[in-house]
Amino acid sequence: MIIAERKPMNEILDMISGINRLLVLGCRGCVAVCSAGGDKEVDIIASALRLGRKKAGQQIEIDTDTLVRQCDPEYLEPLKERGKQFDAVLSTACGVGVNFIADRCPGVRVLPALNTTFYGANLSSGEWIELCAGCGSCVLHLTGGLCPVARCAKRLSNGPCGGSVGGRCEIDPNVPCVWHRIHDRLMEQKQDKLLKDITPIRDWTTAGHGGPRRRIREDLLP
Amino acid sequence: MSDVILGFCCNYTSSVDVDTLKKAGLVPEGLRIKRLPCTGKLEINTLLDAFEQGAEAVFVAGCQIDKCHNLSGSQRAAKRVGYAKKILDELGIDPARLEMFFASRGETEPIVEAARHMSSVLSDAESIHR
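Chains V and Z, in that order, give the protein sequences. My numbering runs 2 ahead of the 1-based position in the first sequence. My numbering runs 90 ahead of the 1-based position in the second sequence.
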């Protein structure tokens with residue numbers, strides 16, 4: 003899922019300076035699961051902003067709502083008119099939701115409450131880890147299911163580098179060297195022949211280096 | 091009028107009669123107590139709303155950490171208090187205005203001490219309500 007985290011409150015307060023009517027709009031997708039932008043977080047952000055404005059001796063009228071998802075057009079449809087009743091909509095969705103509101107709801111000023119950080123998994127309650135870079139060209143079948151793009155600080159295709167020590171990354175010793183793990187895993191699975199193949203230089207255009215990506219499935223088009 | 095200090099106490103730690111304590115001069119005049127079935131039910135926005143609605147200081151008193159009636163309710167409350175303190179700090183409000191206390195079942199003294207501590211935090215502080 004997409005992992006995000008709340009921006010500092012003082013940054014959000016600066017962002018909404020001069021705004022008197024605000025809609026804090028949550029999303030029940032990934033950001034709800036990673037406890038950054040679902041119903042609960044919407045209430046917390048709204049309460050904090052009311053308090054922050056009160057401390058500054060300023061009034062603000064805050065309404066709250068949460069959509070099933072902010073990245074599907076049907077859920078944004080009512081916002082096209084409702085959003086105009088507010089000076090701004092503070093979205094607690096990931097950057098996709100904020101962009102989609104900006105694209106689909108002309109006349110609605112949308113602001114981000116979160117920093118969108120990475121694609122990750124939930125290690126335990128309150129702890130998330132990046133496991134995929136969304137590069138558009140998976141090599142996981144060659145690497146024992148472990149991603150060298152997301153999990154190697156140098157994004158090496160033919161690792162490890164010369165810096166890992168004792169199975170730990172030289173950039174951050176708290177992080178296991180993913181190439182060390184790939185080696186061990188392929189050995190365990192008797193797939194070590196894969197390590198002998200030199201992976202050619204990657205084509206990074208699939209990773210967004212060729213501009214914004216788009217995917218079309220003809221069979222699903224209306 | 092003395093500053094409003096709001097205490098959220100769980101049903102098992104606090105059988106405190108605030109009026110009696112005030113009459114005896116044991117707690118600040120501005121003390122208000124809200125009793126909850128369990129402090130683990132307390133949400134972060136409830137703590138923030140307490141400040142927004144007029145409190146100058148807020149405390150939470152739950153069961154002793156290893157003797158919570160609901161096993162981990164007071165631990166959960168402590169974590170939420172910690173997060174709410176972080177938000178207060180981001181808003182430029184002294185996080186010491188919000189504290190978590192752990193009290194033994196049925197004892198009044200920890201609640202009195204908590205209220206006094208919060209009152210001392212406010213002694214030189216400016217109001218957050220303009």
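The C-beta atom is built at its ideal place from N, Cα and C for all residues, glycine as well. Being a predicted model, the structure only gives us computed values, none of them experimental.
Every unbroken stretch of the beta strand (DSSP E) spanning 3 or more residues and falling wholly within the stretch 87 to 122 of chain V is given here in chain order: 90 to 93 and 112 to 114. Apart from the 5 residues on each side of it in sequence, V:L142 sits with its Cβ closer than 7 angstroms to the Cβ of C149 in its chain, given in chain order. For V:T201, the three-state secondary structure derived from DSSP is coil.
Note on geometry: alpha-carbon atoms of V:A50 and Z:L137 lie some 10 angstroms from one another. At a cut-off of 7 angstroms between beta carbons, V:P114 makes no contact with chain Z.
The C-beta distance from V:M17 to V:L113 rounds to 5 angstroms, short enough to meet the 8 angstroms contact threshold.
Residue range L121 to L126 is occupied by the beta strand (DSSP E) that includes Z:K124, with no alpha helix (DSSP H) assigned at that position.
Secondary structure in the stretch 145 to 223 of chain V: the alpha helix (DSSP H) runs of 4 residues or longer, each lying completely within the stretch, are 150 to 153 and 180 to 190 in chain order.
Taking C-beta atoms as the reference points, V:G28 and V:T94 count as a pair closer than 7 angstroms. Going by C-alpha positions, V:C36 is about 27 angstroms away from V:T145. None of the residues of the stretch 193 to 210 of chain Z has a beta carbon lying less than 9 angstroms from any beta carbon of chain V. At a cut-off of 7 angstroms between beta-carbon atoms, V:I5 makes no contact with chain Z.
Assigned with DSSP and collapsed to three states, V:N12 falls in helix.
Taking 7 angstroms as the cut-off, the Cβ atoms of Z:V108 and Z:L121 count as close.
Using a Cβ-Cβ cut-off of 7 angstroms, V:A50 is close to L138, I177 and L181 of chain Z, given in chain order. The C-beta of V:M11 comes closer than 7 angstroms to at least one C-beta of chain Z. For the pair V:C96 and V:P10, the Cα-to-Cα distance works out to about 15 angstroms.
The beta carbon of Z:E119 does not come within 7 angstroms of any beta carbon belonging to chain V, so the residue lies off that interface. At least 7 angstroms separates the CB of Z:F98 from every CB of chain V.
Between Z:L212 and Z:A145 a beta carbon distance of about 10 angstroms is seen, past the 8 angstroms cut, so the two are scored as non-contacting. Taking a Cβ-Cβ threshold of 9 angstroms, the residues of chain Z close to V:L53 are L138, D139, F141, E142, I177, L178, L181, I183 and I218, in chain order.
Taking 7 angstroms as the threshold, the shortest C-beta distance from Z:N135 to chain V falls below it. In the DSSP assignment, Z:M208 falls within the alpha helix (DSSP H) that extends over E199 to V211. By the rule that beta-carbons nearer than 7 angstroms mark a contact, V:I46 touches chain Z. Looking at the backbone, the Cα of V:A135 and that of V:M3 are separated by about 11 angstroms. The alpha-carbon of V:N117 is positioned some 15 angstroms away from that of V:Q72. Scanning V:T201, V:A152, V:I203 and V:D194 for the CA closest to the CA of V:P178 turns up V:A152. Looking at V:L223, V:L78 and V:G128, the one whose alpha-carbon comes closest to that of V:E7 is V:G128. Listed as beta-bridge partners of Z:M190 by DSSP are Z:V150.
Close to chain Z, meaning a Cβ-Cβ distance shorter than 7 angstroms, are the following residues of the stretch 52 to 81 of chain V: R52, L53, G54, K56, K57 and G59.
V:G161 is positioned such that its CB atom lies no closer than 7 angstroms to that of V:E172.
When the alpha-carbon of V:A58 is set against those of V:T68, V:S19, V:G109 and V:E83, the nearest one is in V:S19. Using a Cβ distance threshold of 7 angstroms, Z:L116 and Z:V202 count as a contacting pair. When DSSP reads this structure, V:S126 sits in a beta bridge with V:E129.
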